[in-house]
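Protein chains in written order, with the working numbering: chain A, 732 to 1153; chain B, 381 to 525.
Note that the Cβ used here is the ideal one computed from N, Cα and C, for glycine as well.
Here the structure is a predicted model, which means the values were calculated and not measured.
Here's the structure we're looking at; comments come further down.
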C-alpha cells in the first residue's frame, strides 16, 4: 500500500509502460495573489511568455498564445501543461504580431492587425507547418487605433472578424475639445463593426466579406455561443466625455460613462457608435455630445440596439468566453467570463477593472447579476495610473480539464483557475 | 547641483540629438516659477491628465509618458509646436510605440501653455527650464504664417 502511494505521488515521472496517474491539482500559495470565490484556486502556469493577447486550447490540451508583437521572431507560442498545472514552452511560429487565435474543425486560425491566417492540423491536432499558413483574409484597415483584429467562428463555416474604428468618436478633429462629429461618420465604411468571412477561401477582403454588424467602436473580446448559435461581443465604449464636453459632464460622470457593453449580435445589428452611447445609469442609449447630445437627449438613438448588460466605463473588456466545461459548479455552466484589461480614462478618479467577471447565463441571456470572479491581477491596492498594474487580464480560454485560463499582457503570465471545492 | 546635473544627463541618454537644458531657473524669480507650476498643474488636470495620467506615466501603446523623454526635456520650440499643432504620428520611447493622436491645443492661451509646459518640465522627476508666454507667442506666430 505504501508502495502504491509512492508510485502515485511520482506518477508524472512514470516510464512509458506505467499508466500515468493524474495528480490532483493544487493551487499556488496565496492563489498567485488573486482573489477568487470560495472553492476556487489559481496556478501560475508560466511567466514571461511575451505580450500575451488571446489564448486558445487545442483538443489535446496544448495552449496557443497570440503575442502582440514577436518574441524571438515568433508571434504564436505553444505551451504544454504538466500534471501539476504548470506549463512549459514547447514551440513557436508565425512571423506576425496580433491578437486573435482560435481552433475549429481541424484548423488553427490566427490574426495580425491586417490579415487572418489558418493552419491545418494533423491527426494529433498539431499544426503541420507553422511557416506556411493559408491567408484567408487580407487588407483590413489598420490605422493604429483599435487596430487589433479579434476572431471567432460559428458552426457553419464562417469566421467573424472585428474591425475597430480608428477614432474615439468620429470627431472632425479626433479627441479635440468640443470638436463635433462627422455626420455621417465616414469611418463606418470600412471599420466600426464585425465582418463575416468564409473559413476556407483565400485572400478575402471587404468585397468578399459580409458586414455582420455596425455601430461598434471597438471590440476585442468576442465568442460564439453554441447554446443558442449566436455571436456575442464586448464593446469598448468611447473616452473623454468630460475633457471634451465639460459643459455636460464632470469627471465623476466621465469615470463611469459610457458603459462597456455586453452585446448579443445579430446580422444587421446597429449599436449606434459614434452617434450614441449606452448610459447604464439611465439604462438607455443617448445621443453623443458630438452629435448634439447633452447626456440626456435620445434622438436617433431610440432605433439603436441595446446591450444585454452595461458594465462600468473604461474597464476595457478584452476577453469573452462561454464556459462549457464541467470542472466548475453548475452555476458557472453556460455562463460568460469576461476579462477586463483595466482602465486608463477614469483619471482623476482611480483606475478600475483589471479583473475577470462572471455573468450567469441561461438560453443565451443573463440569468442573474454579474459578479467579479477573479481580482487582484494588478497587485496593488490603488491603481492611479495604468502602468501601476503588474498584470492585466486579456485573453480567456477553457482548459481541456474545464479550468479557466487567463492570459496577462504585461508580464506574459498565464493563470489557470481550478475548482477544488475547498 | 552636481548631482542634479548628473541625474539629468543620465536620464537623457536616448536624446543625444538634442541639447538638453540643464539650467533650472530662467529670468523668472523662483516664486514666479512656483506660481507658474501651480497654474500649470490645473491646466494639466483639465487637458492632459486624462491621457498622460496622474503620474505622467502615460498608457502603454497609446499615450506616451512625459517622464524624462526628449520630447519633454528637449527643444522648447518643438515642444510648444507639438502642443499647438498636436501630434498624429506614432512615437517610440524605450522600445514602446505610442499610437493615439494628440489633438491640437491652440485654444489654450500663451500663458496656459507656458504654465503647463513649465509644470511638466518640473514634475514627474523632470527638471528643466521654464517655458515663458513670450516663447509660446513666438512659436504660435511662426505656425500661423
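If you ignore the 5 residues before and after residue 1133/A, its C-beta comes within less than 6 Å of the C-beta of 1056, 1057 and 1058, all in its own chain and listed in chain order. Measuring C-alpha to C-alpha distances from residue 790/A to each of 943/A, 811/A and 907/A identifies 811/A as the nearest.
Under the Cβ distance rule, residue 846/A does not count among the residues neighbouring chain B, no pair being separated by less than 8 Å.
Distance from the Cα of residue 814/A is smallest, within the candidate group 863/A, 796/A, 1047/A and 792/A, for 792/A. Residue-level contact check: residue 424/B does not touch chain A, since none of the beta carbons of chain A fall below 8 Å from its beta carbon. Taking the CA atoms as reference points, residue 801/A sits about 14 Å from residue 1141/A.
By the CB criterion at 8 Å, residue 833/A and residue 882/A fall inside the cutoff.
At a cut-off of 8 Å between beta-carbon atoms, residue 961/A makes no contact with chain B. Taking a C-beta distance under 8 Å as the contact criterion, residue 844/A and residue 879/A qualify as a contact pair. By alpha-carbon distance to residue 954/A, the top candidate from 1101/A, 895/A and 1054/A is 1054/A. A contact between stretches requires three or more CB pairs, one per stretch, nearer than 8 Å, and the region 854 to 866 of chain A fails this requirement with the region 881 to 901 of chain A. For the region 1113 to 1125 of chain A, residues whose beta-carbon sits nearer than 7 Å to a beta-carbon of chain B comprise 1115, 1116, 1117 and 1118. For residue 475/B, the closest C-alpha among the options 462/B, 445/B, 410/B and 460/B is that of 445/B. Residues of the same chain with a CB within less than 8 Å of the CB of residue 933/A, apart from the 5 flanking positions on each side, are 865, 866 and 867 in chain order. Here the region 1031 to 1039 of chain A does not lie against the region 1116 to 1124 of chain A, with fewer than 3 beta-carbon pairs under 8 Å apart.
Residues of chain B with a Cβ closer than 7 Å to the Cβ of residue 1078/A are, in chain order, 429, 430, 433 and 434. Residue 996/A sits in a strand when the DSSP states are folded into three classes. Within chain B, the residues placing a beta-carbon under 8 Å from that of residue 907/A are 466, 483 and 484, ordered along the chain. Chain A has a Cβ within less than 8 Å of the Cβ of residue 437/B. Pairing residue 451/B with residue 873/A, the inter-Cα distance amounts to about 26 Å. Judged by beta-carbon spacing, residue 992/A lies within the 8 Å limit of residue 1009/A, meaning their Cβ atoms are closer than that value. Within 7 Å of the CB of residue 1028/A, no CB atom of chain B is found; the nearest one sits about 24 Å away.
In the three-state scheme derived from DSSP, where H, G and I count as helix and E and B as strand, residue 458/B is classed as helix.
Counting C-beta pairs with one atom in each stretch, the region 422 to 431 of chain B and the region 1094 to 1113 of chain A have fewer than three that are closer than 8 Å, which means they do not touch.
Judged by DSSP in its simplified three-state form, residue 1074/A adopts coil rather than helix or strand. Beta-bridge pairing by DSSP links residue 1096/A to 1093/A. Not a single CB atom of chain B sits nearer than 8 Å to the CB of residue 931/A. Assignment of residue 1054/A by DSSP, reduced to helix, strand and coil, places it in the coil class. For the region 470 to 503 of chain B, the residues whose beta carbon sits under 7 Å from a beta carbon of chain A are, in order, 470, 479, 480, 481, 483, 484 and 487. The beta carbons of residue 763/A and residue 775/A sit closer together than 8 Å.
In the DSSP assignment, residue 785/A falls within the unbroken beta strand (DSSP E) covering 783 to 788.
Nearest CB-CB separation between residue 440/B and chain A: below the 8 Å threshold.
Excluding residues up to 5 positions away in sequence, 481 lie with their Cβ nearer than 7 Å to the Cβ of residue 468/B in the same chain. Of the candidates 1149/A, 1050/A and 889/A, the residue whose Cα lies closest to the Cα of residue 949/A is 1050/A.
With fewer than 16 other CB atoms across the displayed protein chains lying within 10 angstroms of its CB, residue 1060/A is exposed. Residue-level contact by beta carbon holds for residue 876/A and chain B, with a gap shorter than 8 Å.
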